[in-house]
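In the working numbering, the protein residues as written are 3 to 307.
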């Protein structure tokens, strides 16, 4: 009898303890609901253990995000934009200053009469205004082509998912291809035109070097070495004096206007060449972007059917 009574007492004790635990848990839950009324419908989940938590190494870090972002950069368009900005800046800035120096040299030494070079002064002033327009246009056009490269390369498609092409987008991309080709041909002409003043200043500089060379014998031989600027067609044949010889020509070569204008024309010609290279890269980039859009449009048409 005694063991049965002890067993029953132990069962009653365990039941009472379970009731206390359950009642205590219910009280805690009720107090939580009373403090936070909006949490009554929440489902309670067990706290994950340390083994269930995701490891910080499994999530992508800053390095992976940077690599992913760098993969979406159209490097061809970016290099072309930097080269285009640099070339146009050199051509426009140096060309503007060099033209002003050329006018000063002509007025002081080769054409003392203002009416003889009045047309040339007007043309140079017009070219300076054209330089302002060229700089503004290519700054805007370079940004547009860079943005077009960002939104049409396959690398951006992989980053941001699939995109749908439209006829308007393909038409705009084709317009950029045509306009870039036209600008490339035009800048080939600008590059050739910018080499003309370099050739003229080089002839004058080489003539001055001949005057300075020790092989020149006597004053008479020096005075027979001349430069006639009228043969280049920039001033009329009746311009006075139009031709400078000997020591007077050497003095012109030693002036700051001649030295600065000569070197600035060289830099401007190099800037025009850099712009031509940038436009060639733009041609390849825009043609590739247009091909991507055409291929994507055909792929979309095939998936519909």
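For every residue, glycine included, the Cβ atom is placed at its ideal position computed from N, Cα and C.
**Prompt:** Helix, strand or coil for residue 199 per DSSP?
**Reply:** Correct three-state label for residue 199: helix.
**Simplified DSSP assignment, three categories, for residue 2** = What the structure shows of the chain is the stretch from 3 to 307, and residue 2 is not part of that stretch, so it cannot be assessed.
**Request:** Can you grab the Cα-Cα spacing for the pair residue 144 / residue 246, in whole Å?
**Result:** About 45 Å.
**Prompt:** What three-state label does DSSP hand residue 126 in the structure shown?
**Reply:** It is helical.
**Request:** Please classify residue 174: does DSSP put it in a helix, a strand, or coil?
**Result:** Helix at residue 174.
**Request:** Run the CB neighbour count on residue 42, radius 10 Å, all protein chains shown included, and call it buried at 16 or more, exposed below.
**Result:** Residue placement at residue 42 is poorly supported in this model, since its pLDDT is 46, which falls under 50; the coordinates are not used for a value here.
**Request:** Quickly, what does DSSP pair residue 230 with across the bridge? List them, please.
**Result:** DSSP output for residue 230 lists 245 as bridge partner(s).
**Prompt:** Relative to the C-alpha of residue 153, which residue among 85, 175, 135 is closest?
**Reply:** Comparing Cα-Cα distances from residue 153 to each of 85, 175, 135, the minimum goes to 175.
**Prompt:** Below 8 Å, can you find three or more Cβ-Cβ pairs linking the segment 254-274 to the segment 133-149?
**Reply:** No, the segment 254-274 is not in contact with the segment 133-149.
**Prompt:** Taking three-plus beta-carbon pairs below 8 Å as touching, is the segment 274-284 in contact with the segment 221-239?
**Reply:** Touching, no.
**Asked** Mind checking whether residue 186 and residue 282 have CB atoms under 8 Å apart?
**Response** Yes, the pair counts as a contact, with Cβ atoms nearer than the cut-off.
**Asked** Pick from 210, 103, 286, 84: whose alpha carbon is nearest that of residue 226?
**Response** By alpha-carbon distance to residue 226, the top candidate from 210, 103, 286, 84 is 210.
**Prompt:** Quick one: what does DSSP say residue 215 is sitting in, helix, strand or coil?
**Reply:** Collapsing the DSSP output to three states places residue 215 in coil.
**Request:** With distances taken Cα to Cα, identify the nearest neighbour of residue 97 among 287, 265, 291, 294.
**Result:** Per the Cα distances, 265.
**Message:** Below 8 Å, how does it come out for the segment 115-127 and the segment 239-255: are there three or more Cβ pairs, yes or no?
**Reply:** By the Cβ criterion, the segment 115-127 is in contact with the segment 239-255, since at least three pairs of Cβ atoms, one from each stretch, lie closer than 8 Å.
**Asked** How many Å lie between residue 271 and residue 91 at the Cα?
**Response** A straight line joining the alpha-carbon of residue 271 with that of residue 91 spans about 12 Å.
**Asked** By the 10 Å Cβ neighbour count, where 16 or more other Cβ atoms means buried, how is residue 292 classified, buried or exposed?
**Response** By the neighbour-count rule (16 or more Cβ atoms within 10 Å), residue 292 is buried.
**Prompt:** Tell me which same chain residues have a C-beta within less than 6 Å of the C-beta of residue 128, skipping the five on either side of it?
**Reply:** None.
**Message:** With the cut-off set at 8 Å, would you say residue 178 and residue 288 are in Cβ contact?
**Reply:** Cβ distance < 8 Å, so residue 178 and residue 288 count as in contact.
**Prompt:** Can residue 224 and residue 191 be called in contact, C-beta distance under 8 Å?
**Reply:** No, Cβ-Cβ distance for residue 224 and residue 191 is not below 8 Å.
**Request:** Please determine, among 296, 122, 148, 124, the residue with the shortest C-alpha to C-alpha distance to residue 76.
**Result:** Among 296, 122, 148, 124, the Cα nearest to that of residue 76 belongs to 148.
**Request:** Can you grab the Cα-Cα spacing for the pair residue 69 / residue 84, in whole Å?
**Result:** Distance from the CA of residue 69 to the CA of residue 84, rounded to the nearest whole angstrom, comes to 22 Å.
**Message:** One question on the structure: do residue 105 and residue 123 come within less than 8 Å of each other, judged by their Cβ atoms?
**Reply:** Remark: C-beta atoms of residue 105 and residue 123 approach each other more closely than 8 Å.
**Message:** Once the 5 residues before and after residue 183 are set aside, which same chain residues still bring their CB inside 7 Å of it?
**Reply:** Non-local beta-carbon contacts of residue 183 in its own chain, meaning distances under 7 Å to residues more than five positions away in sequence, involve 285 in chain order.
**Message:** Can you give me the C-alpha to C-alpha distance between residue 195 and residue 82, rounded to a whole angstrom?
**Reply:** Computed Cα separation, rounded: 22 Å.
**Request:** Evaluate residue 121 with the Cβ neighbour count: other Cβ atoms within 10 Å of its Cβ, from every protein chain shown; 16 or more gives buried, anything less gives exposed.
**Result:** With a threshold of 16 other beta carbon atoms within 10 Å, residue 121 falls short and is exposed.
**Item:** Alpha-carbon to alpha-carbon, residue 280 and residue 87
**Value:** Approximately 9 Å, taken between the alpha carbons.
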